[in-house]
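In our numbering, the protein residues as written are 61 to 1061.
Heads up, the beta-carbon is just placed ideally off N, CA and C, and yes, glycines get one too.
These figures come from a predicted structure and were not determined experimentally.
1. For residue 360, which residues of its own chain have a beta-carbon under 8 angstroms away from its beta-carbon, when the five flanking residues on both sides are left out?
2. Name the residue from 776, 606, 691 and 639 whose alpha carbon lies nearest to the alpha carbon of residue 647.
3. For residue 267, does the three-state DSSP call read helix, strand or coil?
4. In chain order, what residues of the same chain have a beta carbon less than 7 angstroms from the beta carbon of residue 149, not counting five sequence neighbours either side?
5. When we look at the beta-carbon of residue 1031 and count the other beta-carbons within 10 Å, is it buried (16 or more) or exposed?
6. In chain order, what residues of the same chain lie with their CB nearer than 6 angstroms to the CB of residue 203, ignoring the 5 residues before and after it?
7. Work out the CA separation of residue 89 and residue 462 for me, nearest whole Å.
8. What residue does the alpha helix (DSSP H) around residue 279 start on, and which one ends it?
9. Taking DSSP as the reference, what is the three-state secondary structure of residue 99?
10. Using a threshold of 7 angstroms, state whether the C-beta atoms of residue 484 and residue 571 are closer than that.
11. Does DSSP put residue 142 in a helix, in a strand, or in coil?
12. For a test of your reading of the model: does the CB of residue 302 fall under 6 angstroms from any non-hydrogen atom of the ligand PLP? Yes or no.
13. Per DSSP, residue 967 forms a beta bridge with which residues?
14. Taking only runs of the alpha helix (DSSP H) that begin and end inside the region 632–689, which ones reach a length of at least 4 residues, in chain order?
15. Around the Cβ of residue 673, are there at least 16 other Cβ atoms within 10 angstroms (buried) or fewer (exposed)?
16. As a quick exercise: from 1033, 982 and 1000, pick the residue whose alpha carbon is nearest that of residue 1012.
17. Leaving out five residues on either side along the sequence, give the residues of the same chain with a beta carbon under 7 angstroms from the beta carbon of residue 378.
18. Name the DSSP beta bridge partners of residue 460, please?
19. How would you label residue 742, buried or exposed, when you count the other beta carbons within 10 angstroms and need 16 or more for buried?
20. Helix, strand or coil for residue 231, going by three-state DSSP, please let me know.
21. Just mark residue 170 as buried or exposed, buried being the case when its beta carbon has 16 or more other beta carbons within 10 Å.
22. Just to confirm, are residue 557 and residue 580 a CB contact at a threshold of 7 angstroms?
23. Check residue 388 in the structure and name its three-state DSSP category.
24. Determine the DSSP secondary structure at residue 894, reduced to helix, strand or coil.
25. Counting only beta-carbon atoms, is residue 631 nearer than 7 angstroms to chain C?
26. Thinking C-alpha only, which one of 405, 507, 633 and 635 is nearest residue 1086?
27. Does the Cβ-Cβ distance between residue 293 and residue 334 come in under 7 angstroms?
28. Just curious, the beta strand (DSSP E) that residue 796 is in, first and last residue?
29. Skipping 5 residues on each side, what residues in its chain have a beta carbon closer than 6 angstroms to that of residue 815?
30. Could you tell me whether the Cβ atoms of residue 97 and residue 406 are closer together than 7 angstroms?
31. For the candidate residues 695, 86 and 588, whose alpha-carbon lies nearest to that of residue 624?
32. Report yes if the C-beta distance between residue 577 and residue 518 is below 7 angstroms; otherwise report no.
33. In its own chain, which residues sit with a C-beta less than 8 angstroms from the C-beta of residue 63, not counting the 5 before and 5 after it?
34. Starting from the C-beta of residue 875, find all residues in its chain whose C-beta is less than 7 angstroms away, skip the five residues before and the five after it, and write them out in chain order.
35. What is the DSSP secondary structure of residue 199, counted as helix, strand or coil?
36. With a 10 Å radius around its C-beta and 16 neighbouring C-beta atoms as the bar for buried, classify residue 603 as buried or exposed.
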């Protein structure tokens, strides 16, 4: 066992999650340098995948701190997924010694309610992700989140798997601060005794302070054999905080006989580290805080004072100077020059740029004129105040305050404005501080609300300087939403801007701190306005009614609500029950599509509705639309069709809109640059009643498709290849933007096909930025703007494209030149291969869960592993659905079928997406081509895609379908579906088996 305890400092990661403790990149660098002086063994520099800013900060620390001689290990946190681990590895790469810290929850409550994973799936994920991390770093730490509420047997199994996969440190988090020291001792001791290999790795503690036991639990872990303690300076962290580094270190230092092990911390640097973190975060140290609080070495009682004067050890267990808290050394006076000050600052770890040093020196001289001597604490406060200031838009030149027991507090301020011109204002307030802030607001504008104000004496005496910290929040709700900190895990943290200043006059310090906070806010607002934004960001921001908060999701305005017969009945019933009207019937439109039959009664033009339930659904929608005044495209309407076909067709779908529908494939409309997604029945009621929706802001993913599609390869093959690449859960939590030359080369119908199936990759939606192809499609459509409104709309649409330099949370690239026709073989769209490939073998799949799913899929589909998918017999071919039922799809299929006949045993259904498409196809003679080939030409509707309307497979039948889902029974109980493009579907109909259209004679 190691003869020392490694100190793993997570101030910059877990500590920053403390409310209001967000730090800038430069502040993190300053703290990282001080942690190095302090002698910590590992610095957890951040969570690189959380945001571009976090990645930059971690990379900067790895580069500037992690490469110095004797530097600590630089660590980054990563969730147990490939993207996070890759981002983390890249961020810490410059460091000489680096560690990847990955985690996955193991408690049943987390697995069931947060991750929705089985234990087997979690175990497999740990194996794969720790192994992946080990390929990117020799030092890998694994944390089973919520370990202390996990089943111990399962916890041991997970830890053993992590060791086998290459973990070098096992961290045991008390994530919610629930455990007691006795219990934690038993957990750590049990791991060391019962987990094979545990004695060959470092066992670590990570304890939260919800019950005030974080330090006690950490020390209990050390006694049980843990040789790493994760902690933060001043104990800052999520909720009640973390184990405080200073308390853990000094407990080990003062009780060596009890613990038998110490740390390698330079304890005299503790005080400086504590002050620096307090200054950078604005989180003041409580006076009674152990080790570093103002009262930690103060003695009020007479008996105590008498004892300490006679011998300090009577009432003190350590000397204040041991932790760097004995009053600051007398160092400099008013005659000290620039060189002496710079040398002294550098000796104490403050390497300042010339501009920063000039401001610090000026403030030092001002203070030295008021005080005889300036000590280290004064200098630290000056450095913190001057280096934390943002580039000033406004600069305080004068503040005068009058106040008293019989006077109304009044303040006059003079600020230099952005152009240098003096700006003067006066105001009254409830007190002198309120008056000062009110006067400054008259100059700057009422842009912020003061939410926190604190004063602390930096040193002792009548002429001591005081440090003032203020925090403000933006009054502009839209900017507040954009500026809030949104971590990958947990709720968003409200935007707060901090100002800090020191002065011998507290009111002057107040004015300077308040101006500094406002400057930070105004600079952030400027940066936000200039910040490159993605298409997704632009549409989201334009529709934000209320920003997301820790307590509630965002409220998003909805431009267009599409309704059909299957998911709307209960929503209208809810409105009727509550006596509510439809809020915007003019922004709502209904159509009949899902339960709509696609054949007519013999000898009539009337649709043959054979299912009584379908008749009820259609009648109910008609009645609801009449009662609530919602426009309806009923079975007799010439514009009727599939909801995601008619929206674009009529020009209802337009760039920059938000569009919702009680249907998963609403993402189709994203092809126009609209944020469009499916919603549940209760949400349908919400939108009908309010025209708004509660939503959490999604993350952004770019799927770039570069190159040129070869003949026979279509948009459907692009999206099937994307889903095969990232998996059916790869887009979970994201909205995808499709970019690249191959996407730009697609017509609007192809783009709709791509966006339609985004949901099959797990994404919330898919978008493509509007361009001239989009404009040409929309011009002249029934609901498109006209005249001057058209010109204004087009100009607005052209601003929606993602700005150069905008960052996505994730990006992948697909080589279009390498794509071939694709076809699914299993029971989800992710199980897709090139038409030229063989069915994969479960034995070649390393992931146990994926292997089991593949085995089940092949058994259901009746396919043999290793056999080529081409040549597989098919019984039915379906061309239609909201994915591939547009005119271009029908034309493509007709080109293949022209002059050919489908195989005798094949039944082929061709179902147009709308009545308008049907009429145009018939005008072009496409229906005659289909009929001549032996196919059935139908009325418009969803048809076999969902098997709700009489068009369905019989048990055991195989179908090649241009729809979007191939789940078990999707197209009929026992039916087996292969997803493909219209070209592949038509070629397969001719051959009677899955065929490569490129090989068709």
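According to the structure shown:
1. Counted from its first residue, the chain shown places residue 360 at position 300. Because the pLDDT at residue 360 is just 49, under 50, the model does not fix this residue reliably, and the value given afterwards should be weighed accordingly. Excluding residues within five positions, none has a Cβ falling inside 8 angstroms.
2. Numbered from its first residue, the chain shown carries residue 647 at position 587. Answer by Cα proximity: 691.
3. Translated into the one-based positions of the chain shown, residue 267 becomes position 207. DSSP places residue 267 in strand when its eight states are reduced to three.
4. Counting from one through the chain shown, the residue named residue 149 turns up at place 89. Closer than 7 angstroms at Cβ, skipping near neighbours: 160, 196 and 197.
5. Sequence index remark: in the chain shown, residue 1031 carries index 971 (1-based). Buried is the call here.
6. Mapped onto the chain shown, residue 203 falls at position 143. Excluding sequence neighbours, residue 203 sits near 163, 231 and 233.
7. For this step, residue 462 is matched to residue 402 along the chain shown. For this step, residue 89 is matched to residue 29 along the chain shown. Going from the Cα of residue 462 to the Cα of residue 89 covers about 41 angstroms.
8. Position 219 of the chain shown holds residue 279. First-last of the alpha helix (DSSP H) with residue 279: 274–283.
9. By one-based count along the chain shown, residue 99 stands at place 39. Of the three classes helix, strand and coil, the one that applies to residue 99 here is coil, per DSSP.
10. For the purposes of this step, residue 484 is taken as residue 424 along the chain shown, with counting starting at 1. For the purposes of this step, residue 571 is taken as residue 511 along the chain shown, with counting starting at 1. In this structure, residue 571 does not lie closer than 7 angstroms to residue 484 by Cβ.
11. As a first step, residue 142 is located in the chain shown; it is residue number 82 there, counting from the start. Helix.
12. The model on display carries no ligand, and the ligand PLP is accordingly not part of it.
13. Taking the chain shown and counting its residues from 1, one reaches residue 967 at position 907. In DSSP, residue 967 forms a bridge with 936.
14. Those alpha helix (DSSP H) runs which fall completely within the region 632–689 and span 4+ residues are 672–688.
15. Along the chain shown, read from residue 1 onward, the residue named residue 673 stands at position 613. Residue burial annotation: residue 673 is exposed, with fewer than 16 other C-beta atoms found within 10 angstroms of its C-beta.
16. Residue mapping note: residue 1012 aligns to position 952 of the chain shown, counting from 1. Selected option, being the one with the closest Cα: 1033.
17. For the purposes of this step, residue 378 is taken as the residue at position 318 of the chain shown. The answer, listed in chain order, is 310 and 314.
18. Residue numbering aside, residue 460 sits at position 400 when the chain shown is read from its first letter. DSSP lists 472 as partners of residue 460.
19. The count along the chain shown starts at 1 and reaches residue 742 at position 682. It counts as exposed.
20. In the chain shown, the residue the question calls residue 231 occupies position 171. Looking at residue 231 - three-state DSSP - the assignment turns out to be strand.
21. For the purposes of this step, residue 170 is identified with residue 110 of the chain shown, where counting begins at 1. Buried is the call here.
22. If you number the chain shown from 1, residue 557 lands on position 497. If you number the chain shown from 1, residue 580 lands on position 520. Yes. Within cutoff.
23. Counting from 1 along the chain shown, the entry for residue 388 is found at position 328. Low local confidence applies: a pLDDT of 45 at residue 388 is under 50, so the model's placement there is unreliable, with the coordinate-based value given in what follows. Three-state DSSP puts residue 388 in coil, outside helix and strand.
24. Sequence index remark: in the chain shown, residue 894 carries index 834 (1-based). If DSSP states are grouped into helix, strand and coil, residue 894 belongs with the strands.
25. The structure shown has no chain C; it contains just one protein chain.
26. Here the chain has residues from 61 to 1061 only, and residue 1086 is not among them.
27. Mapped onto the chain shown, residue 293 falls at position 233. Mapped onto the chain shown, residue 334 falls at position 274. Going by C-beta atoms, residue 293 is nearer than 7 angstroms to residue 334.
28. As a first step, residue 796 is located in the chain shown; it is residue number 736 there, counting from the start. First-last of the beta strand (DSSP E) with residue 796: 794–799.
29. Counted from its first residue, the chain shown places residue 815 at position 755. Taken in chain order, the residues that qualify are 727, 728, 730, 731 and 826.
30. As a working mapping, residue 97 is identified with position 37 in the chain shown. As a working mapping, residue 406 is identified with position 346 in the chain shown. For residue 97 and residue 406, no; Cβs fall outside 7 angstroms.
31. Indexing the chain shown from 1 puts residue 624 at position 564. The candidate whose alpha carbon is nearest that of residue 624 is 695.
32. Start at 1 with the first residue of the chain shown, and residue 577 comes out as number 517. Start at 1 with the first residue of the chain shown, and residue 518 comes out as number 458. No, they are not a contact pair.
33. If you number the chain shown from 1, residue 63 lands on position 3. Result list for residue 63: 321, in chain order.
34. Taking the first residue of the chain shown as 1, we reach residue 875 at position 815. The residues are 766 and 767.
35. Residue 199 sits at position 139 when you count from the first residue of the chain shown. Three-state result, residue 199: strand.
36. The count along the chain shown starts at 1 and reaches residue 603 at position 543. With 16 or more other Cβ atoms within 10 Å, it is buried.
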